[in-house]
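J.:
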Amino acid sequence: MNTSKYSDRELIWSLYGTQGLLFLLTIGLVFFLHDQPGELGEYFQLDFRELFLFGMFPALVVVAVDLLLTINLPSHLYDDGGINRQIFRSRSFWHIIFLCLLISFVEELLFRGVIQAHIGLVGASIIFALIHVRYLTKPVLFSSVVLMSFMIGLLFWWTDNLLVTMMAHFVIDFVLALYIRYIEKEEHA
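The sequence shown runs 3 to 191 under our numbering.
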């Protein structure tokens, strides 16, 4: 996908629209699949030890591996068509935080809290990877998303805690977005 035909505004509204649709899908599935919609609340446990050990630490390992691959592999293997670069390169620090919080909340609520809770780790991880359709023709990026999805799915399987998976997803997206915004931007200047 060549992003040059899309303005920053169009891409950001597309991102918000996609997250809005995923959130509406989540709500619909919660009412369809759960006897009591409040059951989802059982997956929210504020346990700082779990958040650090199973949320932050594994996410930082994923980020380190991702950055090593980004730096050492030929750029065409890691090129997503410039979408992430266009989305994050000109966003403010606070907007990046907001976007990463939104994405991690909506996607983990849907893929772990609803889908994985009903069809299991493998099904949820495959569906998560497939919705990142722009990576399907990029083996390195697709493999990275598949592995990340299984890792986050395993974190949910081990902890039954959506805050852990949201933390992991947030840290991965946030650190990589900051890399695009502040470091990669300097390298291309």
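Ideal Cβ positions, reconstructed from N, Cα and C, are used throughout, including at glycine.
(1) Would V64 and M153 qualify as a contact pair, given that the criterion is a beta-carbon distance under 9 Å?
(2) Please report the distance separating the alpha-carbon of R11 from that of D68.
(3) Helix, strand or coil for Y8? Go by DSSP, reduced to three states.
(4) Check for me: the alpha helix (DSSP H) holding M2 runs from which residue to which?
(5) I believe F107 touches M168 by the beta-carbon criterion, under 8 Å. Please report the beta-carbon distance rounded to the nearest angstrom.
(6) Taking the Cβ atom as the reference point for each residue, do R114 and L55 lie within a distance shorter than 9 Å?
(7) Going by Cα to Cα distance, which pick from L13, F144, E109 and L111 is closest to Y80?
(8) Is F144 helix, strand or coil by DSSP?
T.: Let's see:
(1) In contact: V64 and M153 (Cβ atoms closer than 9 Å).
(2) D68 has its alpha-carbon roughly 27 Å from the corresponding atom of R11.
(3) DSSP places Y8 in coil when its eight states are reduced to three.
(4) Given that the chain is displayed from residue 3 to residue 191, the structure contains no residue 2 and the question cannot be resolved.
(5) F107 to M168, Cβ: 6 Å. Contact.
(6) No. Outside cutoff.
(7) Taking only the C-alpha atoms, the option nearest Y80 is F144.
(8) Reduced to three states, the DSSP call for F144 is helix.
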